[in-house]
Every structure is written in C-alpha cells, then in structure tokens.
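In this note's numbering, the protein residues as written are 196 to 511.
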C-alpha cells in the first residue's frame, strides 16, 4: 500500500471516531503531543486534551453521517500534510419528526510516521458551514459570526503558506486520475482560503467558463468574478464529489457535483429523505495536458438541486 493510501485510511479512522463518538479510533491516529486549533471547540495540546475537545457533548443522536471531500495528501519520507473537508449531518428523532443539524469545514493536518504508523502531529479545523438545529452545539461550540457576512475575513488558523502544494513535494507517483482530481482541490482551496494564486495555477490562459446567464472568457475574467464573490462572504466552502473522470490521451473530462447543504438543506431535508445527498451544481470540467501538467480549459456549470442516495462511503 502506498504511504498516501495509508494516510487516507488513518484519516478515515479519525472521522469514524467523530461519527461514532469513540475515542478508540483516535488512539490509533493522534500523536501523544498533537496540537489542535479548532474554530469551534478551541485549542488543545496533547492526546488527552485533544480527545476531550473532540468528544461530542450534545444530545444523544439517532442519526450520524460524516463524509470526506476534496482530500489532498503530500508526503516526503516520514512527514506528510493533508487537506480535506468533512461535512456531517446528525439528528434526533421525535415521533415522526427529525431534528437535524448539518455542519462542516476544512481540515489541515500534519502527519508524522511513528514506528511505521502515520499519526497526526497537528490538526487545524476551519468551520465553514452550519445549518439546522444549532442548539445541539450551542454553549460549547463557537458558531459562525454572521455579523461579518459583508466583508470577508480569512481563517485565523490556516495561512496561505500552509497550502500542501507549497509545503512539500510528493515522493510517490500519482495516477492520472489523482492528478486530475487534485485540480479541483487546488481550485477550491484558492477560493475558500483567499489564495487565488493556487486557483489560477490550474487554469489555461484561455479558459472558458459558462454559468447560466454569464460566460467568462479567459483566466483574468474568471478570477475577477471569483474574487468578487469571495469578498461578499465571511466563509466559503467549495466542496465537490468527484463523480467521474474520463481520459483520452492528453485530454480529459471530469464531472463534479457541488455539495453545499447549508444553502439548500432547510428546503429539502426531512426524516423521510435524510439518507439523500442533495447537490446544487453539476460541473463539467474540460482538461488537457500541457508539458506534462493537467490544466483546465473549460468549466460548464449546470445549476439546480438534485439528489442521490448516500452511498455509505466516507470518501466522496
């Protein structure tokens, strides 16, 4: 098994611990001297202190689902860095009604290999979204401050310099599909962390972007539009499920479904369809390989809410 696959497995154990509220999973993946910075539960240092912060202190739950998106891992020798988004929906049943709460955000993790096992040496969490019954966490979480909705702020716990693509190279070979999927991770990081140099790095100069009612010609126009939107929101979360990648020689197409339940959840989610994932955008990315690098030549946006039954996999 490749080292990056071992790290993915370890992160899945970490997320299982969150979903099941079971610290036994964290014992396998969190280093004794791990440092955590979290926008919701605060900072902690050392395994026991981190564990106490991670434990669910809300009501007993009847429904729990955690899913992982936009994962990116770079590894050199005994060190690695990972970026990933985790979105969860939890619920409490009352007769035929379900009180539910959806939340999620961006994790940035540094890994170190100890006795042939990858463990988290630092853990940072930026809280990007919340929707539904926030009373589940009120009083022990810091929730989003919507007073700053106009005029964005950068996340205090993650800096541009920590972008995985800047921190280290990757010593293992990636498949072509992994290289293509990584473009969406970079695209999303740049928008969400106000790091548009990273976003720009995935595009050709002549990229075409088609959004219903608008089209953008070239990298400059598209970046100007994205930067304008970024300044209007206090946090952004460009989470996507990679649905398919089709490669033919030096050209490829990638289908990505955008997942933003905090924007559409209250209109669609209820007890009868809690196992359905609702998506808001169907992206079709057009790509080509230039000088050994995959770049995006076009993005087609199909906007409209559609659902798919959850497939049960942690990684999306």
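Even for Gly, the Cβ is constructed at its ideal location relative to N, Cα and C. This one's a predicted model, so the numbers in the text were calculated from it and none came from an experiment.
Backbone secondary structure at residue 274 - three-state DSSP: strand
Contacting residues, own chain, Cβ-Cβ under 7 Å from residue 420 (five flanking each side not counted): These residues qualify, in order along the chain: 411.
Alpha-carbon spacing of residue 165 relative to residue 506, whole angstroms: It is not possible to answer for residue 165, since the shown part of the chain is limited to 196 through 511.
Opposing strand residues paired with residue 280 [DSSP bridges]: 264, 301
Buried versus exposed call for residue 205 [16 or more other C-beta atoms within 10 Å across all chains shown]: buried
Counterpart residues of residue 329 in DSSP-defined beta bridges: In the DSSP output, where bridge partners are listed per residue, residue 329 has none listed.
Residue 403 CB to nearest heavy atom of the ligand GTP below 8 Å: Annotation note on the ligand GTP: not contained in the displayed structure, which lists no ligands.
Residue 509 in three-state terms, based on DSSP: In this structure, residue 509 counts as coil in the three-state DSSP scheme.
Same chain only: Cβ atoms within 7 Å of residue 294, ignoring 5 sequence neighbours per side: Result list for residue 294: 286, 287, 328, in chain order.
Three CB pairs or more closer than 8 Å across the segment 252-261 and the segment 272-292: yes
Proximity of residue 318 and residue 261 at Cβ, strictly below 9 Å: no
Separation of residue 502 from residue 291, as counted between CA atoms: 22 Å
Proximity to residue 271 [Cα-Cα], best of 209, 249, 387, 360: 360
Same chain, Cβ closer than 8 Å to residue 509, neighbours up to 5 away in sequence not counted: Cβ within range, chain order: 207, 210, 211, 261, 262, 263.
Own chain partners of residue 281 with C-beta closer than 8 Å, once the 5 adjacent residues on each side are dropped: 210, 213, 261, 262, 263, 264, 299, 300, 302
Opening and closing residue of the beta strand (DSSP E) in which residue 471 lies: 471-485
Member of 407, 397, 383 whose CA lies at the smallest distance from the CA of residue 431: 383
Where residue 384 falls: helix, strand or coil (DSSP): helix
Burial state of residue 465 (16 or more Cβ within 10 Å): exposed
Alpha-carbon spacing of residue 376 relative to residue 495, whole angstroms: 16 Å
CA-to-CA distance, residue 427 to residue 362, given in whole angstroms: Rounded to the nearest whole angstrom, the CA to CA distance from residue 362 to residue 427 is 29 Å.
Rounded distance between the beta-carbons of residue 453 and residue 476, thought under 8 Å: 4 Å between Cβ atoms; contact.
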